[in-house]
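Here UniProt numbering is used: the sequence shown runs in plain steps of one and ends on residue 238. Ideal Cβ positions, reconstructed from N, Cα and C, are used throughout, including at glycine. Since the structure is predicted, the reported quantities are computational estimates derived from the model, not experimental observations. Just below is one structure, and these are the notes that go with it.
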Amino acid sequence: EKIIETLRYEPVYKMINDLPRKVLIIGSGGLSIGQAGEFDYSGSQAIKALKEENIKTVLINPNIATVQTSKGLADKVYFLPLVPEYVEQVIKAERPGGVLLTFGGQTALNCGVELQRCGVFEKYNVKILGTPIEAIIDTEDRKIFSERIAAIGEKVAPSLAAFSVQDALDAADKLGYPVMARAAFSLGGLGSGFADNKEELKLLATQALAHSSQLIIDKSLKGWKEVEYEVVRDAYDN
């Protein structure tokens, strides 16, 4: 009973009961290290699930060598780059009632966050289906995520946000070496690594900030044993 009570969730946002007639899926894009075929598969399953509900599907994905762009799967496919400028033009032309951002990997997430910041979804009255955009930002922005974790009393490694190489060096001086650097809004492992001294961190931070505007410097926990667990909840609170 204690576990059930602890995991009980009251949604902040009202569930969308009226299904849109047309949904835009931001696809998996080109294959890259840390983002590969699993997002092609998840996008394909999303399209099939929508079609079972008789919802028209519009897919944007520049990669012709994917399952989700196969003929007969999505109702309409746009082979265009997954960048806000092109996605906005597709939204303008198709006028979907909803959009799925979480089936295309990091590329789709970043694109969705940028579209939200530009006010595109609000402009064309497009509902974000599934994971709310605020939750995506809270988990992708490592500084915000660290603050959210601290707010609920979870023990985490000390960390500081950095927006420049000098910020990273100053953060490491405060935390003490060795440290781990992690870039925000990036693929798993991209621009991340361990540094035992200033020279290593300077090189790491320079590479990381080429991919992201934010870097989190964590006190290194190298050598600790890692135990990972996941909790999944469905629409019926199971």
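Give the secondary structure of residue 142 by DSSP, where H, G and I count as helix, E and B as strand, and everything else as coil. helix
How about residue 183 and residue 212: do their beta carbons lie closer than 8 Å? For residue 183 and residue 212, yes; Cβs fall inside 8 Å.
Residue 169, enclosing beta strand (DSSP E) - first and last residue: Element bounds for residue 169: not the beta strand (DSSP E) but the alpha helix (DSSP H), 165 to 175.
Have a look at the DSSP bridge pairing and note the partners of residue 64. For residue 64, which the question treats as bridged, DSSP gives no partner whatsoever.
Straight-line Cα distance separating residue 142 from residue 206: 18 Å
Residue 185 by DSSP, collapsed to three states: which one? coil
Proximity of residue 29 and residue 130 at Cβ, strictly below 8 Å: no
Mind reading off the beta-carbon distance from residue 26 to residue 67? Whole number of angstroms is fine, and I expect it under 8 Å. Actually they do not touch by this definition, with Cβ atoms about 16 Å apart.
In the segment 65 to 115, which residue ranges form an unbroken beta strand (DSSP E) of at least 3 residues, counting only runs that do not cross its ends? 76 to 78 and 98 to 100
Excluding sequence positions up to five away, which residues of its chain have a Cβ less than 6 Å from the Cβ of residue 162? Cβ neighbours of residue 162 beyond the five flanking positions: 168, 171, 215 and 217.
Please report how far the alpha carbon of residue 46 lies from the alpha carbon of residue 113, in whole angstroms. 20 Å
Candidates 85, 39 and 93, of which the one nearest residue 69 by Cα: 39
Using a Cβ-Cβ cut-off of 7 Å (strictly less than) and excluding sequence neighbours within five positions of residue 128, which residues of its own chain qualify? 99, 101 and 121
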